[in-house]
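Down below is the structure, laid out as structure tokens.
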Amino acid sequence: MAQHEVLLRGQCRRRRVRQSIQRTAATAPQRWSRGPSGGPGRRTGNAGRGAQTCPRLAAAAAGENRGPDRAAGSSGASEKKKRLAVFVSGGGSNFRAIHRAIHEGRINASVELVVSDKSACGAVDYAREHGIATVRYPDKDAPAGDAGLGRLLATLREERAIDFVVLAGYLKMVPPEVVRAFPRGMLNMHPALLPAFGGKGYYGMNVHRAVVESGARFSGATVHFVDEEYDRGPIVAQACVAVSPEDTPEQVAAKVLKREHELFPHVVAALCDGRIVWREGKPLLWTAT
Numbered sequence: 073m074a075q076h077e078v079l080l081r082g083q084c085r086r087r088r089v090r091q092s093i094q095r096t097a098a099t100a101p102q103r104w105s106r107g108p109s110g111g112p113g114r115r116t117g118n119a120g121r122g123a124q125t126c127p128r129l130a131a132a133a134a135g136e137n138r139g140p141d142r143a144a145g146s147s148g149a150s151e152k153k154k155r156l157a158v159f160v161s162g163g164g165s166n167f168r169a170i171h172r173a174i175h176e177g178r179i180n181a182s183v184e185l186v187v188s189d190k191s192a193c194g195a196v197d198y199a200r201e202h203g204i205a206t207v208r209y210p211d212k213d214a215p216a217g218d219a220g221l222g223r224l225l226a227t228l229r230e231e232r233a234i235d236f237v238v239l240a241g242y243l244k245m246v247p248p249e250v251v252r253a254f255p256r257g258m259l260n261m262h263p264a265l266l267p268a269f270g271g272k273g274y275y276g277m278n279v280h281r282a283v284v285e286s287g288a289r290f291s292g293a294t295v296h297f298v299d300e301e302y303d304r305g306p307i308v309a310q311a312c313v314a315v316s317p318e319d320t321p322e323q324v325a326a327k328v329l330k331r332e333h334e335l336f337p338h339v340v341a342a343l344c345d346g347r348i349v350w351r352e353g354k355p356l357l358w359t360a361t
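Under the numbering used here, the very last position in the sequence shown is 361; numbers go up by exactly one each time.
Below, the structure written as structure tokens:
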């Protein structure tokens, strides 16, 4: 065979391979890539050469839960808004941060109900100013003699059709009946890095005093799912702050609160978007691009 014929055939084969690759790249679905630390990261499309492919492909073959299938950059605005109930006992700064994020379009949800153990507090006043329904629980004056639990459950599940519950500084134990009504659907913010400085009695300034007295050099905020024990549910996300030897509990509290206001709306948005998936009993949060 003449040498020039061999060269021509080789060129034709290479051209066909290039065309095949281009067609595949144009039609291939987007894929998830891992973040810099090897944890859940972002959906990258085909541009992310060198990034690891999301384990959801292998997980699908193994029969595990699949990750979210929303296209990159989707805000979820075309999907039905999730209906939230917020439980709160005080001024409600985390509640306000979530409500603000909703109005800015960062969370595809609406706050339909505020539940508080107080008939009057900053969060309840804020809710009423914004036309959000409020319920008191526990309510010692409830006619049923159950502190209003039956009315609370009916309001959450039937009257308001709540999808998810958010505990934003609620200082009472949530009844097991309510927890069981929202499996994998109830989030809490804790002002420390769980499992440290958690459990009964660790709330508010009690947490920050304990951190300072312990000599810990880091604290932070933890968002976790709620189960029937104090601060024991699966952790979704955490954010750290440095603690100086000179810091007072009040200074630590101010640092942590700032991170709470950043972290909590981020996790609530992921829950509403379906970007929290479960692997072997642990929640994984996928970051939207």
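Beta carbons: idealized from backbone N, C-alpha and C, even for Gly. Remember, predicted model here, so these are calculated numbers, not experimental data.
Asked                                                                                                   : Found
Contact check, residue 229 vs residue 205, beta carbons under 9 Å                                       : no
At least three beta-carbon pairs within less than 8 Å, the segment 241 to 255 to the segment 282 to 292 : no
Proximity of residue 296 and residue 166 at Cβ, strictly below 9 Å                                      : no
CB contact flag (residue 324, residue 240, <9 Å)                                                        : no
Residue 239 in three-state terms, based on DSSP                                                         : strand
Residue 202 (DSSP reduced to helix, strand or coil)                                                     : coil
Residue range of the unbroken beta strand (DSSP E) whose run includes residue 260                       : 258 to 262
C-beta contact flag for residue 191 and residue 178 at 9 Å                                              : no
Beta strand (DSSP E) segments (min. 3 residues) lying fully within the segment 156 to 223               : 181 to 188 and 205 to 208
DSSP three-state assignment for residue 349, whether helix, strand or coil                              : strand
Beta-carbon proximity check, residue 173 vs residue 340, cutoff 9 Å                                     : yes
Nearest to residue 294 (by Cα), restricted to the options 264, 222 and 212                              : 264
Contact under 9 Å by Cβ, residue 273 with residue 304                                                   : no
Beta-carbon spacing of residue 210, residue 189 below 9 Å                                               : yes
Distance CB(residue 45)-CB(residue 315) smaller than 9 Å                                                : As shown, the chain starts at 73 and ends at 361. That puts residue 45 outside it, with no answer to give.
Endpoints, the alpha helix (DSSP H) within which residue 248 is located                                 : 248 to 253
Runs of beta strand (DSSP E) wholly within the segment 307 to 352 (minimum 3 residues, chain order)     : 307 to 314 and 348 to 351
Where residue 298 falls: helix, strand or coil (DSSP)                                                   : coil
Bridge partner(s) assigned by DSSP for residue 154                                                      : 181
Buried or exposed by the 16-neighbour rule on C-beta atoms within 10 Å, applied to residue 319          : buried
Integer Cβ distance of residue 225 from residue 183, believed to fall under 8 Å                         : Contact doesn't hold; Cβ gap of about 19 Å is too wide.
Nearest candidate by alpha-carbon position, reference residue 352, set 276, 306 and 213                 : 306
Spatial distance of residue 216 from residue 335 (CA atoms)                                             : 38 Å
Residue span of the alpha helix (DSSP H) that contains residue 376, given as start and end              : Outside the displayed span of the chain (73 to 361) sits residue 376, for which this structure offers no information.
Same chain only: Cβ atoms within 8 Å of residue 148, ignoring 5 sequence neighbours per side            : Its pLDDT being 46, under 50, residue 148 is placed unreliably by the model, and nothing is read from it.
Where residue 233 sits in the DSSP three-state scheme                                                   : coil
Under the three-state DSSP convention, the category residue 293 falls into                              : strand
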